[in-house]
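What follows is a single structure, written as structure tokens, with notes after it.
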Amino acid sequence: MAETVLEIENLRTSFNIKGNYYAAVDGVSLTVHKNEVVAIVGESGCGKSALALSIIGLHNAKTTKLEGQVNLKGQNLLSLPVEKLNKIRGKDLGMIFQDPMTALNPLATVGRQIEEPMDYHMKLSKSAKKKRVLELLEQVGIKNGPRVYKQYPHELSGGMRQRIVIAISLACNPVMLIADEPTTALDVTIQAQIMDLMKELQRITDSGIILITHDLGVVAEMADRVAVMYAGEFVEIADVNTLFANPLHPYTRSLLSSIPSNMTDKEELHVIEGIVPSIQKLDRGGCRFAPRIPWISEDAHEDNPMLHEVEPGHFVRCTCYKDFHFPEERVEDENYVTT
Amino acid sequence: MSLLNVKDLQVHFPIRGGFFRRVVDQVRAVDGVNFELEPGETYGLVGESGCGKTTTGRAIIGLNKATGGEVLFNGENLATMNGHDRKKHIRDIQMIFQDPYSSLNGRKNVLNIIAEPLRNFERLSPKEELTRVQNMIERVGLSPESIYKYPHQFSGGQRQRIGIARALMLNPKLIIADEPVSALDVSVQAQVLNFMREIQKDFGLTYLFISHDLGVIKHICDRIGIMYKGRFVEEGTAEDVYTNPQHLYTKRLIAAIPEMDPVKRFEKMELREQINVAYRTEYDSYFDKDGRMFDLKPLTPTHSVAVHQGGM
Numbered sequence: 092m093a094e095t096v097l098e099i100e101n102l103r104t105s106f107n108i109k110g111n112y113y114a115a116v117d118g119v120s121l122t123v124h125k126n127e128v129v130a131i132v133g134e135s136g137c138g139k140s141a142l143a144l145s146i147i148g149l150h151n152a153k154t155t156k157l158e159g160q161v162n163l164k165g166q167n168l169l170s171l172p173v174e175k176l177n178k179i180r181g182k183d184l185g186m187i188f189q190d191p192m193t194a195l196n197p198l199a200t201v202g203r204q205i206e207e208p209m210d211y212h213m214k215l216s217k218s219a220k221k222k223r224v225l226e227l228l229e230q231v232g233i234k235n236g237p238r239v240y241k242q243y244p245h246e247l248s249g250g251m252r253q254r255i256v257i258a259i260s261l262a263c264n265p266v267m268l269i270a271d272e273p274t275t276a277l278d279v280t281i282q283a284q285i286m287d288l289m290k291e292l293q294r295i296t297d298s299g300i301i302l303i304t305h306d307l308g309v310v311a312e313m314a315d316r317v318a319v320m321y322a323g324e325f326v327e328i329a330d331v332n333t334l335f336a337n338p339l340h341p342y343t344r345s346l347l348s349s350i351p352s353n354m355t356d357k358e359e360l361h362v363i364e365g366i367v368p369s370i371q372k373l374d375r376g377g378c379r380f381a382p383r384i385p386w387i388s389e390d391a392h393e394d395n396p397m398l399h400e401v402e403p404g405h406f407v408r409c410t411c412y413k414d415f416h417f418p419e420e421r422v423e424d425e426n427y428v429t430t
Numbered sequence: 002m003s004l005l006n007v008k009d010l011q012v013h014f015p016i017r018g019g020f021f022r023r024v025v026d027q028v029r030a031v032d033g034v035n036f037e038l039e040p041g042e043t044y045g046l047v048g049e050s051g052c053g054k055t056t057t058g059r060a061i062i063g064l065n066k067a068t069g070g071e072v073l074f075n076g077e078n079l080a081t082m083n084g085h086d087r088k089k090h091i092r093d094i095q096m097i098f099q100d101p102y103s104s105l106n107g108r109k110n111v112l113n114i115i116a117e118p119l120r121n122f123e124r125l126s127p128k129e130e131l132t133r134v135q136n137m138i139e140r141v142g143l144s145p146e147s148i149y150k151y152p153h154q155f156s157g158g159q160r161q162r163i164g165i166a167r168a169l170m171l172n173p174k175l176i177i178a179d180e181p182v183s184a185l186d187v188s189v190q191a192q193v194l195n196f197m198r199e200i201q202k203d204f205g206l207t208y209l210f211i212s213h214d215l216g217v218i219k220h221i222c223d224r225i226g227i228m229y230k231g232r233f234v235e236e237g238t239a240e241d242v243y244t245n246p247q248h249l250y251t252k253r254l255i256a257a258i259p260e261m262d263p264v265k266r267f268e269k270m271e272l273r274e275q276i277n278v279a280y281r282t283e284y285d286s287y288f289d290k291d292g293r294m295f296d297l298k299p300l301t302p303t304h305s306v307a308v309h310q311g312g313m
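Protein chains in written order, with my numbering: chain X, 92 to 430; chain S, 2 to 313.
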């Protein structure tokens, strides 16, 4: 096995809501190796972005409680003071944000924004910096670098902006990259380009990547391993081929069947009943997905569900996967009223 | 008669520069687009951002001014009408916007949001208005008390339902849906797509479905037009376009759909690579000498491609 880059141990991120702390990320453990893409998938509200922001330490410290460990290069990021954390963030730990329209500063030129992390983490002369920026722009597939260097974000298309965001994250050669929905805001051909670009960059830089996404297509194309997240927990972890060939957890199977896939031509898409529970109302003792598959008998679930290793490297939470089937009649979906 | 007939639609934006900010050039956002929509069908406009698909939709509804061509809705040309005449026809065309987070006014409650089209077109007493809104809100699957809530109190899928409710309020004939599900999660997307299908039957709607997501387009659309640089490159039934793409650009778009089988991802990457090579070498043969795309040539009665007269 390749060298471990990032090790998350029993991470719990709780937010203060009216005086009480509620865990949005609830006991997550994950190891990312060098040159490995680990995808974290789930619906919005499942805690995947909260997890990303916990790793990089961008939660508001006043309202957030972080427990557990996030080890990068032998240091626990959670226990570091901000000054030390700032020496790591943007250097060893890069972040690609979801929305390139808002992640960039509209008042600064592209060149200025790519130089910013370099100013902070490396001591480079003005000309060396500019050279590095142009090099980065070329790496991320921008052809007329010298022109783009002087442009402002609003002058660029979405795909270009995302390339700039990626260039910024790569500026200081990170060992670990966190990409939070890097292709969500882009359209297909650009998405394909950015995916291919990230695969290419991963090969060059050797860094580990945590890819956060809700798009299983992106997962199938990019990930080496996949962790499916629901209500703050991982419900299934497997390598990418296993997950798509043999998905076990009811949530994974429901997600896969709700995609308007390009192979099947079903009239009706599968809709997962109900909504992702809010962290305040979550029943933390039982199977968290149980309320959304009410046709499965309660006996199928276990108390305090654990991740079971069903085959080497394939983990599934709770025992309900053994009895899971899709509902025969989907009449209840029709009458279902969201509140 | 077709419900909507777009003939040689052009939307050009002036580029100003030099002395006195004179018009020095034009951006040809939409440059000669032709298509027809039959009542009850779902027509998909696909393309990358910047290809003019949204501008086409906006020009049909009048949010952008068409600089040339005709937009015949029920036989009447909306493009050249003045505001007063337009108003009689325009209530039959409604729009669903992309981002349910920014297309709803955060300072208005749901009642005021959904009642707005009614207030623009009909004079109703507050009580009648309330009944209509309540009926609609139930129809789109939201709870009755939610009409006094504000957009931020809803999830993305629910907000999109509010947007749809607003569009349905005047019983329109044509709905222009501009990327209605691209801001949503897969399972919520499935919900909204199923729902849009359902109301299409119930309200007898015709959809102009604008999207970049070819998976969604394939799922929901009967016919598809592929746009590139303000013009159509290919038009056909979903089957034509997906199983037998003819234009290089269409092939490229279809190759860009993420492969759902991780085992085949390298094959897909190679296919993309091949098409990219073809794209670089053959690119010029798909344009005339002015750098403009050819007009659509029918291949079969349902399938047309923008290639040179002599074929490929």
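From the three backbone atoms N, C-alpha and C, an ideal C-beta is built for every residue, glycine too.
TODO: With distances taken Cα to Cα, identify the nearest neighbour of Ser147 (chain S) among S:Val182, S:Lys265, S:Ile115, S:Gly292.
DONE: Indexing the second sequence from 1 puts residue 147 (chain S) at position 146. Ser147 (chain S) has its Cα closest to that of S:Ile115, out of S:Val182, S:Lys265, S:Ile115, S:Gly292.
Task: Option nearest Arg162 (chain S) by Cα separation, candidates S:Glu199, S:Thr207, S:Ile62 - done: Indexing the second sequence from 1 puts residue 162 (chain S) at position 161. Residue S:Glu199 is the option with its Cα nearest to Arg162 (chain S).
TODO: Using three-state DSSP, classify Met354 (chain X) as helix, strand or coil.
DONE: As a working note, residue 354 (chain X) is residue 263 in the first sequence. Confidence is the limiting factor: at Met354 (chain X) the pLDDT is only 49, short of 50, which leaves the residue's position unreliable and the question unanswerable from this model.
Task: With 16 other Cβ atoms within 10 Å as the buried cut-off, status of Arg120 (chain S) - done: Residue mapping note: residue 120 (chain S) aligns to position 119 of the second sequence, counting from 1. So Arg120 (chain S) counts as exposed.
Open item on the list: Buried or exposed for Glu246 (chain X), going by 16 or more other Cβ atoms inside 10 Å?
Closed with: The residue you call residue 246 (chain X) lines up with position 155 of the first sequence. Within a 10 Å sphere around the beta-carbon of Glu246 (chain X) sit fewer than 16 other beta-carbons, which makes this residue exposed.
Task: Distance, His305 (chain X) Cα to Ile271 (chain X) Cα - done: To locate residue 271 (chain X), count along the first sequence from 1; it is residue 180. To locate residue 305 (chain X), count along the first sequence from 1; it is residue 214. For the record, residue 271 (chain X) in the displayed sequence is Asp; it is not Ile. Looking at the two C-alpha atoms, the distance is approximately 10 Å.
Open item on the list: Using only the alpha-carbon positions, how far apart do Gly232 (chain X) and Ile255 (chain X) sit?
Closed with: Looking up residue 232 (chain X) in the first sequence gives position 141. Looking up residue 255 (chain X) in the first sequence gives position 164. Going by C-alpha positions, Gly232 (chain X) is about 10 Å away from Ile255 (chain X).
TODO: Please determine, among X:Asn177, X:Leu184, X:Gly236, X:Asn167, the residue with the shortest C-alpha to C-alpha distance to Val432 (chain X).
DONE: No statement about residue 432 (chain X) is possible, as the shown extent of chain X runs from 92 to 430 and does not include it.
TODO: Name the residue from S:Phe122, S:Gln99, S:Tyr208 whose alpha carbon lies nearest to the alpha carbon of Leu171 (chain S).
DONE: Working through the second sequence from its first residue, we reach residue 171 (chain S) at position 170. When S:Phe122, S:Gln99, S:Tyr208 are compared, the shortest CA-CA separation from Leu171 (chain S) is found for S:Phe122.
Open item on the list: Using only the alpha-carbon positions, how far apart do Pro40 (chain S) and Val264 (chain S) sit?
Closed with: What you label residue 40 (chain S) is simply residue 39 of the second sequence in a count that begins at 1. What you label residue 264 (chain S) is simply residue 263 of the second sequence in a count that begins at 1. So the two alpha carbons sit approximately 42 Å from each other.
- [ ] Within the same chain, show all residues whose beta-carbon is closer than 6 Å to that of Glu312 (chain X), passing over the 5 residues directly before and after it, in chain order.
- [x] Reading the first sequence from its first residue, position 221 is the one you call residue 312 (chain X). If we look at Glu312 (chain X) and ignore the five residues flanking it on each side, its Cβ neighbours are Met286.
TODO: Please classify Leu169 (chain S): is it buried, with 16 or more other beta-carbons within 10 angstroms of its beta-carbon, or exposed?
DONE: For the purposes of this step, residue 169 (chain S) is identified with residue 168 of the second sequence, where counting begins at 1. Result: buried.
Task: Element boundaries [alpha helix (DSSP H), containing Pro15 (chain S)] - done: Residue 15 (chain S) sits at position 14 when you count from the first residue of the second sequence. Where Pro15 (chain S) is concerned, there is no enclosing alpha helix (DSSP H), although the beta strand (DSSP E) it sits in stretches over 5 to 18.
Task: Inter-stretch contact (C-beta, 8 Å, three-pair minimum) for the stretch 299 to 307 of chain S and the stretch 226 to 240 of chain S - done: Yes, the stretch 299 to 307 of chain S is in contact with the stretch 226 to 240 of chain S.
- [ ] To the nearest angstrom, report how far apart Met354 (chain X) and Ala283 (chain X) are at their CA atoms.
- [x] Stepping through the first sequence from its first residue, residue 354 (chain X) is reached at position 263. Stepping through the first sequence from its first residue, residue 283 (chain X) is reached at position 192. Below a pLDDT of 50, predicted positions are generally treated as unreliable, and Met354 (chain X), at 49, falls in that range; the measurement from the model is reported next regardless. Taking the Cα positions, Met354 (chain X) is about 19 Å away from Ala283 (chain X).
Task: Residue nearest to Ile176 (chain S) in terms of C-alpha spacing, selected from S:Ser50, S:Pro145, S:Arg59, S:Ser305 - done: Along the second sequence, one-based indexing puts residue 176 (chain S) at 175. Among S:Ser50, S:Pro145, S:Arg59, S:Ser305, the Cα nearest to that of Ile176 (chain S) is on S:Arg59.
- [ ] Using a Cβ-Cβ cut-off of less than 9 Å, give me the residues of the stretch 299 to 313 of chain X that come near chain S, in sequence order.
- [x] Across the stretch 299 to 313 of chain X, CB contacts with chain S closer than 9 Å involve His305, Asp306, Leu307, Gly308, Val309, Val310, Ala311, Glu312, Met313, in sequence order along the chain.
- [ ] Determine whether the Cβ of Glu266 (chain S) lies closer than 8 Å to any Cβ atom of chain X.
- [x] For the purposes of this step, residue 266 (chain S) is identified with residue 265 of the second sequence, where counting begins at 1. A small fix is needed here, since residue 266 (chain S) is Arg in this sequence, not Glu. It does; some Cβ of chain X falls within 8 Å.
Task: Length-filtered (4 minimum) alpha helix (DSSP H) runs lying within the stretch 277 to 305 of chain S - done: Every candidate alpha helix (DSSP H) stretch fails here, since none sits fully inside the stretch 277 to 305 of chain S while reaching 4 residues.
- [ ] Would you check whether the ligand NAD has a heavy atom nearer than 7 Å to the C-beta of Val132 (chain X)?
- [x] The ligand content of the structure shown is nil, which means the ligand NAD is not present either.
Task: Residues of the stretch 376 to 393 of chain X whose Cβ lies closer than 8 Å to any Cβ of chain S, in chain order - done: Cβ contacts with chain S come from no residue of the stretch 376 to 393 of chain X.
Task: Residue span of the alpha helix (DSSP H) that contains Val189 (chain S), given as start and end - done: The residue labelled residue 189 (chain S) in the question sits at position 188 within the second sequence. Element bounds for Val189 (chain S): 187 to 204.
- [ ] Quick one: list the residues of chain S neighbouring Thr280 (chain X), beta-carbon separation under 8 Å, in chain order.
- [x] The residue you call residue 280 (chain X) lines up with position 189 of the first sequence. Simply Glu49, Arg253, Leu254, Ala257.
- [ ] Would you list the residues sitting across from Asp271 (chain X) in a DSSP beta bridge?
- [x] As a working mapping, residue 271 (chain X) is identified with position 180 in the first sequence. Looking at the DSSP assignment, Asp271 (chain X) forms a beta bridge with X:Ile303.
TODO: Look up Lys156 (chain X) in the DSSP assignment and say whether it is helix, strand or coil.
DONE: On the first sequence, position 65 is the one that residue 156 (chain X) refers to. Lys156 (chain X) falls in the strand class under three-state DSSP.
Task: Beta-carbon contacts of Met209 (chain X) that lie in its chain and below 7 Å, excluding the five residues immediately before and after - done: For the purposes of this step, residue 209 (chain X) is identified with residue 118 of the first sequence, where counting begins at 1. Excluding sequence neighbours, Met209 (chain X) sits near Leu215, Lys220, Arg223, Ala262, Cys263.
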